[in-house]
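**Q** Take this structure first; my questions come after.
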Amino acid sequence: MSTGNDGMPINIPHMLTQMFEQLIDDDVEELALQLFELDHEEGSSSQRRKKRKEIDRDRVGGDERLWNDYFAPSPVYDESFFRRRFRMRIRLFNRIVTDLSVPGSHWKYFTQRYDAVGRKGFSPIQKCTCAIRQLAYGATADQCDEYIRIGESTALECLHKFCRSIVEIYSPVYLRRPTQDDVERLLAKHEEHHGFPGMLGSIDCMHWSWRNCPTSWRGQYTRGDHGHPTIMLEAVASYDLWIWHAFFGVAGSNNDINVLNQSPLFNQVLEGNAPQCNFTVNGHDYDKGYYLADGIYPEWATLVKSFTYPPKNNLKMKYYKKRQESSRKDVERAFGVLQGRWAMIRGAGRSSTIPVLGDIMHACIILHNMIVEDEGRSITNWAREDHEPDPESYNNGAPSQFQTQLERYANLRSQEAHQALRNDLIEHLWANKVQHD
């Protein structure tokens, strides 16, 4: 222990402790003062913050103009203008508006309501028109303000709720799995038009650009041949351009084979719940329908591919290649019509969340199928009676036990069955060449 000048002992550890506590107290006091000043500044800035600017958009007047332009007994624009701008006939649009605005349903967003001060809100026609215009023209939400009189944030809300409602209401019918009646009609139509017995449709994938992909996901969703983030859609389409299967959400860095391995397309076949699909080709019987596919797809029993380089002297194989490649264009035509009709999925997706983009994509596909049906071009008719069994109730074979599923899995991916079917189709098409040509 040391001593001071006066000879008194000095407790150095105690002195250091007091100095340290004093320094800590000074730092805490200074920090508290800084926090107080910062909180005071934030409070002052919040007090100076302006209120949200309210614009009298004359929503009632906008509703009246929209009604007079398209829905009045003597509208300004006739049916042809409506069909071009709304992508559908007026009767189909009115049906959608009616279904979405049914009183008492849980889609009450599309019913006309009043706000807290008693002002009439947007009409169901205004909200549905706002959503359709964004889908059809790929317009930004702000563009709906000038004519429909709906602000940007409300327009985005209209779009998201419209797409979600379309999926919830109509997907059981317009994105249904083929029923037994559907399968029979598809088989007959494709054999009549394309000459392929047992053909259920064509399968392929398309990419939808994703503008607002999170930075941390860009590598996962970007493929070299595209150079920007995309999300993939696997689809099956029939000759009438009806899209029977839509599997959306796989990262764009994948290829068609990776998507197929994740797809639920053949789940019914593996579970034994698929509708009966029996046909005969070149004297041989088959019990599973198939889809026409391009060269990247695997050689499965349910996929029929072409030849990359058929022998020059083999006229049968060359003729088969020509017919297969022309017939599988159905799905590519469906993609072209889908993107041509709905410009939003032709451009880059602007939402940053995949579920919202999924609702938009599925809503566009459902509306596409509804238009195909409304214009009388669909192969099948949805007139299901109460006594008709649900598609899930079909059971072809033994119960779905593990060993049975393994056998179905092996049969589904059988390369031998694929080659046998393709050889039979080659002979069948060549034998009926004169009749088809």
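First residue of the sequence shown: 1, per full-length UniProt numbering; consecutive thereafter.
C-beta atoms are modelled at their ideal positions from N, C-alpha and C, and glycine is treated no differently.
Quick caveat, the model's predicted, so the values are computed rather than measured.
In the DSSP assignment, what residue or residues form a beta bridge with Lys-120?
**A** According to DSSP, which records beta bridges pairwise, Lys-120 is partnered with Tyr-114.
**Q** Residue range of the beta strand (DSSP E) that Thr-280 falls in?
**A** Start and end: 279-281.
**Q** Let me check understanding here. Comparing Cα to Cα, which of Gly-336, Phe-86, Cys-144 and Lys-433 lies closest to Ile-243?
**A** When only C-alpha atoms are compared, the closest one is Gly-336.
**Q** Tell me, please, which residues DSSP counts as bridged to Asp-285.
**A** Asp-285 pairs with Thr-280.
**Q** With DSSP collapsed to three states, give me the class of Arg-384.
**A** Residue confidence is low: Arg-384 scores 47 on pLDDT, short of 50, so the model does not pin down where it sits. Its coordinate-derived value is still stated next. In the structure shown, Arg-384 sits in coil (DSSP, three-state: anything other than H, G, I, E or B).
**Q** With three or more beta-carbon pairs closer than 8 Å as the criterion, would you say the region 287-297 touches the region 253-263?
**A** As far as the Cβ criterion goes, the region 287-297 touches the region 253-263, which means the pair count is three or higher.
**Q** Using a Cβ-Cβ cut-off of 7 Å (strictly less than) and excluding sequence neighbours within five positions of Phe-266, which residues of its own chain qualify?
**A** The residues are Thr-302 and Leu-412.
**Q** Opposite Ala-251 in the DSSP bridges: which residues?
**A** Paired residues: Ile-231.
**Q** Could you check how far apart the C-beta atoms of Ile-90 and Phe-82 are, in whole angstroms? I think they sit under 8 Å.
**A** Correct: roughly 5 Å between the Cβ atoms.
**Q** Let me check understanding here. Comparing Cα to Cα, which of Asp-56, Val-60, Ile-55 and Met-88 lies closest to Val-372?
**A** Residue Met-88 is the option with its Cα nearest to Val-372.
**Q** Nearest to Glu-146 by alpha carbon, out of Trp-107, Thr-215, Ile-55 and Pro-103?
**A** Nearest option by C-alpha distance: Ile-55.
**Q** For residue 438, does the three-state DSSP call read helix, strand or coil?
**A** Examination of residue 438 is not possible in this model, given that the chain is present from 1 through 437 alone.
**Q** Taking the beta strand (DSSP E) that Cys-213 belongs to, which residues open and close that run?
**A** No beta strand (DSSP E) contains Cys-213, which DSSP labels as neither H nor E.
**Q** Is Ile-55 helix, strand or coil by DSSP?
**A** The answer is coil: DSSP assigns Ile-55 none of H, G, I, E or B.
**Q** Specify the secondary structure class of Thr-129 as computed by DSSP and reduced to three states.
**A** It is helical.
**Q** Between the beta-carbon of Thr-111 and the beta-carbon of Pro-124, is there less than 8 Å?
**A** Yes, the Cβ-Cβ distance between Thr-111 and Pro-124 is below 8 Å.
**Q** In this structure, how does DSSP classify Asp-142 when only helix, strand and coil are distinguished?
**A** Reduced to three states, the DSSP call for Asp-142 is helix.
**Q** Measure the C-alpha to C-alpha separation of Ser-352 and Thr-154 and round it to an integer number of angstroms.
**A** Distance between the alpha carbons of Ser-352 and Thr-154: 18 Å.
**Q** Based on Cα-Cα distance, which residue from Asn-261, His-245 and Thr-308 lies nearest to Ile-366?
**A** When only C-alpha atoms are compared, the closest one is His-245.
**Q** How should Thr-98 be labelled, buried or exposed, when 16 other C-beta atoms within 10 angstroms of its C-beta is the threshold for buried?
**A** Thr-98 should be labelled exposed.
**Q** Spell out the partners DSSP gives His-207 in its beta bridges.
**A** DSSP output for His-207 lists Met-232 as bridge partner(s).
**Q** Give a yes or no on whether 8 Å exceeds the smallest Cβ distance from Arg-59 to chain B.
**A** Absent from the structure is chain B; it holds one protein chain and no more.
**Q** Keeping to the same chain, check which residues put their C-beta closer than 7 Å to that of Val-76; ignore five residues upstream and five downstream.
**A** Contacts found: Asn-68 and Asp-69.
**Q** Quick one, are the C-beta atoms of Ile-148 and Gln-180 less than 8 Å apart?
**A** Cβ atoms of Ile-148 and Gln-180: not closer than 8 Å.
**Q** Excluding the five sequence neighbours on either side, which residues of its own chain have a C-beta within less than 6 Å of the C-beta of Arg-185, listed in chain order?
**A** Correct list, in chain order: Ile-379 and Thr-380.
**Q** So the beta strand (DSSP E) residue 508 belongs to, where does it begin and stop?
**A** Only positions 1 to 437 of the chain appear in this structure, which leaves residue 508 out of reach.
**Q** How would you write the range of the beta strand (DSSP E) that Leu-270 sits in, first residue to last?
**A** Careful: Leu-270 lies outside any beta strand (DSSP E), inside the alpha helix (DSSP H) at 267-271.
**Q** Compare the Cα-Cα distances from Gly-219 to each of Val-236, His-207, Gly-252 and Phe-196 and report the closest residue.
**A** If we check each option's Cα against that of Gly-219, Gly-252 comes out closest.
**Q** For Ala-72, which residues does DSSP report across the bridge?
**A** Answer is none; Ala-72 lacks a bridge partner.
**Q** Since Leu-367 is in the alpha helix (DSSP H), which residue starts that stretch and which ends it?
**A** 354-374 is the span of the alpha helix (DSSP H), which, as asked, contains Leu-367.
**Q** Between the Cα of Trp-210 and the Cα atoms of Gly-195, Met-199, Pro-229 and Arg-133, which residue gives the shortest distance?
**A** When each option's Cα is compared against that of Trp-210, the closest is Pro-229.
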